[in-house]
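Below: one structure, written as structure tokens.
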Amino acid sequence: MALSDLTFDAVLQAIAEFDVLKRDAFLQKYHFGKSRGYFLIHNGARYDSKAIAGAAHGYVPGLEPLQASKLSGGDKSVANRLRKLGFVVPDPSDTNKRGIPFEVGSVYNRQRDIHQVFGGQERGGITTPSDCPFVFLFTGESGEQFGYSDGWRPDGVFAYTGEGQRGDMTFVRGNRAIRDHMTDGRDLLLFEATKTKGNHRFIGCFAFAGWETIKAPDRDGKQRNAIIFELVPVAETEPAPRVEPDEADLDGKSLQELRSLALAAAATPKVPSKESQRTYYIRSVKVKAYVLKRANGHCEACKKAAPFVRKDGTPYLEPHHIKRVADGGPDHPRSVGAVCPTCHRFIHHGAEGAKLNLELEKYVLEIEQPQDLDL
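Per the working numbering, the sequence shown starts with residue 193, numbered consecutively.
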């Protein structure tokens with residue numbers, strides 16, 4: 193199919209048919225799967241863009257509808273053509289507002305559901321699509337032949353082997369993307385290969401907590417240093433393990449002392465860690481403690497005083513991650529704001545929530561960046 197054959201009116205007719213048949217029947221009729229990234233937005237409703245394009249082809253005089261297998265070009269090409277016709281098709285990076293478009297335990301086809309939607313390297317264990325809030329990690333395809341394998345550890349950490357087939361592994365390309373994902377504001381999404389070639393089961397969203405090196409053979413059989421990333425699952429509903437305040441050493445600290453601790457905790461580890469999971473949570477405690485004290489009892493979004501005080505006499509505000517990493521966000525003073533419950537829920541659920549979040553981001557950057565220059 194030449195995407196240039198599509199017309200505005202043909203697309204409108206396909207949209208009208210979609211509305212009549214409803215999504216499942218429409219996709220079944222034209223033999224398309226559900227879109228996971230690119231959606232055409234029309235009159236406030238979302239439509240599977242590639243299916244709409246295939247159906248619309250049949251509404252062009254003299255042409256027939258096309259199934260997915262005969263529709264040339266990936267999702268990006270279809271989206272670009274629809275945009276040229278005047279339709280709104282947001283990039284997958286806008287999933288920033290929709291959350292992670294994968295369900296834990298569900299199986300996805302790597303080519304169709306990931307690369308055609310988000311792009312990125314189609315081979316290897318680490319995929320880093322440009323202009324995308326995700327770093328995709330694939331496990332179960334390689335490594336065992338070199339004497340090591342990925343997997344869960346007793347402490348709840350997932351050990352993931354870095355990339356690099358010859359010589360010592362270094363923090364470049366995919367390895368750097370894993371190490372710096374919180375600074376970059378990107379989620380680590382882990383998939384495990386199934387017995388069906390090309391299909392992967394979504395394990396969940398993870399955060400980089402630390403790393404270690406082990407001796408392992410490269411593809412030529414030569415011993416080298418291999419990086420093992422220690423990944424902590426990012427819980428969306430379960431609370432993080434409790435960390436006692438004295439473990440983080442926060443009692444009686446001044447604002448500047450707390451800030452120094454927060455910045456040090458937020459820094460990317462320079463040496464291998466021994467207690468990745470606990471270190472990860474202690475870091476979060478330090479950053480949040482600083483941010484709450486930085487707010488000085490006032491919401492950093494609406495600037496109003498905290499709605500009430502806690503039992504310990506401190507003003508009640510909630511830490512909010514401005515940049516998302518599984519909606520938990522990177523734990524860094526520049527990426528976390530202290531907000532009142534009303535603003536917190538408005539940001540997440542309000543029609544203008546994204547706008548308020550952007551205003552909060554600008555405010556936090558303004559009060560943090562000048563201080564960074566002094567350190």
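Every residue gets a Cβ at the ideal spot worked out from N, C-alpha and C, and that includes glycine.
No experiment lies behind these values; they were computed from the predicted model shown.
- [ ] Using the Cα positions of Pro215 and Asp201, report the straight-line distance between them to the nearest angstrom.
- [x] Sequence inspection shows Arg at residue 215; the Pro mentioned does not correspond to that position. Approximately 20 Å, taken between the alpha carbons.
Task: Where Glu439 falls, given that 16 or more other Cβ within 10 Å makes a residue buried - done: Note that Glu439 has pLDDT 41, beneath the 50 cutoff, so the model's placement of it is unreliable and the number below is only indicative. Per the 10 Å Cβ criterion, exposed.
Task: Where Glu510 sits in the DSSP three-state scheme - done: strand
Task: Complete beta strand (DSSP E) runs within the region 274-355 (minimum length 3 residues, chain order) - done: As for any beta strand (DSSP E) of minimum length 3 sitting wholly inside the region 274-355, the runs are 299-301, 326-331, 350-353, ordered along the chain.
- [ ] Give a yes or no on whether the C-beta atoms belonging to Glu560 and Arg526 are separated by under 7 Å.
- [x] yes
Task: Helix, strand or coil at Ala401 [DSSP, three-state] - done: strand
Task: Proximal residues to Gly396 (C-beta, below 7 Å), its chain only, five neighbours per side dropped - done: The answer, listed in chain order, is Val296, Leu382, Pro425.
TODO: Please say whether Gly343 and Glu355 have beta carbons closer to each other than 7 Å?
DONE: no
Open item on the list: For Asn288 and Lys414, I'd like the C-alpha separation in whole angstroms.
Closed with: Note that Asn288 has pLDDT 44, beneath the 50 cutoff, so the model's placement of it is unreliable and no number is given.
Task: For Gln415, three-class secondary structure by DSSP - done: strand
Task: Where the alpha helix (DSSP H) through His223 begins and ends - done: Unbroken run through His223: none, as it is neither H nor E.
Open item on the list: What does the Cβ neighbour count give for Thr386, buried or exposed, with the cut at 16 atoms within 10 Å?
Closed with: exposed
Task: Simplified DSSP state of His540, which is helix, strand or coil - done: helix
- [ ] Return the CA-CA distance between Glu553 and Ala271, expressed in angstroms with no decimal places.
- [x] A direct Cα-Cα distance of roughly 30 Å separates Glu553 from Ala271.
- [ ] Grab me the residues of Ile370's own chain with a C-beta within less than 6 Å of its C-beta, minus the 5 sequence neighbours each way, in chain order.
- [x] Phe400, Phe421
TODO: Specify, as a first and last residue, the run of the alpha helix (DSSP H) that Leu204 falls within.
DONE: 200-213
TODO: Can you tell me which of the three DSSP states Ala247 falls into?
DONE: helix
TODO: Could you give the DSSP three-state label for Lys407: helix, strand or coil?
DONE: strand
Task: Check whether Ala248 and Leu198 have beta carbons under 7 Å apart - done: The answer is yes: Cβ separation under 7 Å.
Task: Separation of Ala260 from Val309, as counted between CA atoms - done: 14 Å
Open item on the list: If you measure between the beta carbons of Pro257 and Tyr230, is that distance less than 7 Å?
Closed with: For Pro257 and Tyr230, no; Cβs fall outside 7 Å.
Open item on the list: For Thr506 and His540, I'd like the C-alpha separation in whole angstroms.
Closed with: 25 Å
Task: Rounded separation between Val299 and Ser446 - CA only - done: 49 Å
Open item on the list: Just to confirm before moving on: does the CB-CB distance between His392 and Arg315 stay below 7 Å?
Closed with: no
Open item on the list: If distances are taken between C-alpha atoms only, which option among Ser341, Leu380, Gly529 comes closest to Ala408?
Closed with: Ser341
TODO: Just the C-alpha distance for Phe398 and Gln448, rounded to the nearest angstrom, thanks.
DONE: 30 Å
Open item on the list: Considering only DSSP beta bridges, list what Ile233 is partnered with.
Closed with: Arg238, Val280
Open item on the list: DSSP three-state label for Asn488, please.
Closed with: coil
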